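First the structure, in the form of structure tokens, and then the observations on it.
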Amino acid sequence: MKAHTIPYEQTGFFSTLILDYLKQEKTLNAFYEAFPSIDNFKKQTELKAPTYSRSQRQLLVRTLEAQYVNTSLSDATAANIKRLEKASTFTITTGHQLSLLTGPLYFIFKIVSTIKLCQQLKKAMPSKDFVPVYWMASEDHDFEEISHFSFKGKKFQWEHPNSGGKVGDLSLDSLQSILDLLTKELPESESGNQLKEWINRSYRSSQTLGEATRSLVNALFAETGLIILDGDDPDLKKSFIPYFQKELEKQDCFKETQNQIEQLQQNYHPSYKPQVTPREINLFYLSPQKRQRIITHEAGYQWDGDPRVRSKETMLSLLNDHPENFSPNVLMRPLYQEVLLPNLGYIGGGGELAYWFQLKSFFESQKVPFPLLILRNSAVLVNGKTVGKMNKLDLRPEDLFLKRPDLVNKKVQQLSAIDLDLQFLKKELEKNFRHLKGLVKQTDASYEGAVAAQQQKQFKGIDHLEKRLLRAQKRKLKDQVERLEKLHESLFPNSGLQERKANFSTFYLEKGPSLIPQLMESFDPLKFQFTWIEL
């Protein structure tokens, strides 16, 4: 295995906001606590410790023990749950939807980044413990986003008759035919049989998608001590009642995030657009088949799509009697998470960090410490066969980050025995037209426009001719061009990042149980570089 890192700005796949964050642009400093570093994590432990009580730790441990009752508990995970009772134990958290068979690769990358960072922090602060947490987004209702995965370029799509409520409660009956199709594709090999066993243990032996996801993630990561937490829990919701009530009565989330958006536009960039638009109330109400947004009404509250009005007294009574029916949205969930956990940092993708930047003043208004924000590791995984093809085409990893047409043009220029770059002709013409413009000025300045138009026409003609010559050369080098395009497509499907399309199973078949340890070895969550991994 060989790992090679590339600066994020050279990949062309990351937003200006995220690149500015990684460069620690001063105009962004006010919108996060501190940039992630070992020293700042040390400071964060001092900030978090006094705000997280013994009773909160006891509740968290009781909840985790209850949630793991029907899950095979590894010694490492059991030890980490026990460690959470101690005031010297902190968490690093990542979260994700319950993507089918873990969905795209970056689901795995998030968790590996979280585990690796905990290892780094333990090495730097041996007197403390750091526990990796995967927060299951089981209350999410966006079924479409989690309903498919790709295996060896083939898309497997799950259709579910009742997909309007929280996804964690979805039954798996309608999934079995999809699993049958997948298992037929898996070879009779050690790795193939292991994947089949995980599928059977997780998706064929569980009642709900939440149970299945917990089972699969636990099978993949239990030996690392990863803790899986489902926030959709009555006791955890009960402990959050004061914050739910404040959101219903005062709408602090809306006010503070709206203000922070304005501050970002004034102090960071006028064109800044929020990742998430805050609602007046950032909560949902859960019923067996629905997750409905709570909206304000002059006489109290309504649920989106339901004309009935609930008075303030009725709503608060519902909250106190059944807090489990209240669900935070994407902007309230971070607060819920940080109240429940002794958390120091959140690991997420660029889109997630973008909405966290909207939240610092809201956290301050609730007197909850704002976590350090860590961009998850991103990577391209390259097998030995593909490395061989790259070598034959004399390609470096950096070359593959060019847009496909640009890569083809560059390679055709390199492979050609003749120089197809005609831009030198423009420089020669520029000299001649400069002389001509001087003559025109001395004779009749009214011809200046005609001269400029002629120059532009000549330049366009050169560009057009260069493109035609390039096309002709591509035809001559058709085999090499096709091999190059096929190679690029295998690593950047549909010209996008592999991690957003491919499923871990494709690579597990090749590498088996060494896959995750290889990722762990290759990733450095505090280096903030894109990782090219030759497996």
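Position one of the sequence shown corresponds to residue 1 (the working numbering), numbered consecutively onward. C-beta: ideal position from N, C-alpha, C; glycine also. Computed from a predicted structure; not experimentally measured.
- Note on the segment 56-132: whole alpha helix (DSSP H) runs with a minimum of 4 residues are 75-83, 106-124, in chain order.
- Only exposed fits threonine 314, as fewer than 16 other CB atoms lie within 10 angstroms of its CB.
- Of Glu197, Thr208, Asn200, Lys155, the smallest CA-CA separation from valine 167 is found for Thr208.
- Between phenylalanine 326 and phenylalanine 244, the gap from beta carbon to beta carbon is short of 8 angstroms.
- The closest CA to that of threonine 89, considering only Gly95, Val131, Arg293, Ser55, is found on Val131.
- Taking serine 206 as the centre and dropping the five residues before and after it, the same chain places the C-beta of Leu172, Ala212, Ser215 closer than 7 angstroms to its C-beta, in chain order.
- Per DSSP, alanine 219 is not a residue of any beta strand (DSSP E); the alpha helix (DSSP H) it occupies stretches across 209-221.
- Burial state of threonine 443 is exposed, judged by a 10 Å Cβ sphere holding fewer than 16 other Cβ atoms.
- Counting only runs of at least 4 residues, the segment 244-296 fully encloses the following alpha helix (DSSP H) elements, listed from N- to C-terminal order: 252-263.
- Annotation for aspartate 169: no beta strand (DSSP E) segment contains it, and DSSP assigns it neither H nor E.
- By the criterion of a C-beta distance shorter than 7 angstroms, asparagine 383 is surrounded in its chain by Glu510, Leu535, once the five residues flanking it on both sides are discounted.
- The beta carbons of isoleucine 227 and leucine 64 sit closer together than 8 angstroms.
- The beta carbons of serine 495 and arginine 404 sit about 6 angstroms from each other, so the pair counts as a contact at 8 angstroms.
- Counting along the chain, the unbroken beta strand (DSSP E) around glycine 345 starts and ends at 343-348.
- Apart from sequence neighbours up to five positions away, the residues of its chain that approach phenylalanine 41 with a beta-carbon distance below 8 angstroms are Leu121, Ala124, Met125, Leu344, Gly345, Leu372, ordered along the chain.
- In the assembly as shown, methionine 1 is an exposed residue. Its beta-carbon has fewer than 16 other beta-carbons within 10 Å.
- Listed as beta-bridge partners of proline 493 by DSSP are no residues whatsoever.
- Here DSSP, grouped into helix, strand and coil, assigns glutamate 534 to strand.
- Beta-bridge partners assigned by DSSP to serine 150: Lys155, Ala502.
- Histidine 96 and glutamine 266 have their C-alpha atoms some 31 angstroms from each other.
- DSSP, read as helix, strand or coil, puts serine 15 in coil.
- DSSP lists no bridge partner for tyrosine 21.
- Our two residues, glycine 349 and arginine 500, have alpha carbons roughly 11 angstroms apart in a direct line.
- Secondary structure of valine 339 (DSSP, three-state): helix.
- For the set Gln258, Thr16, Pro270, Glu223, the Cα lying nearest the Cα of arginine 279 is the one of Gln258.
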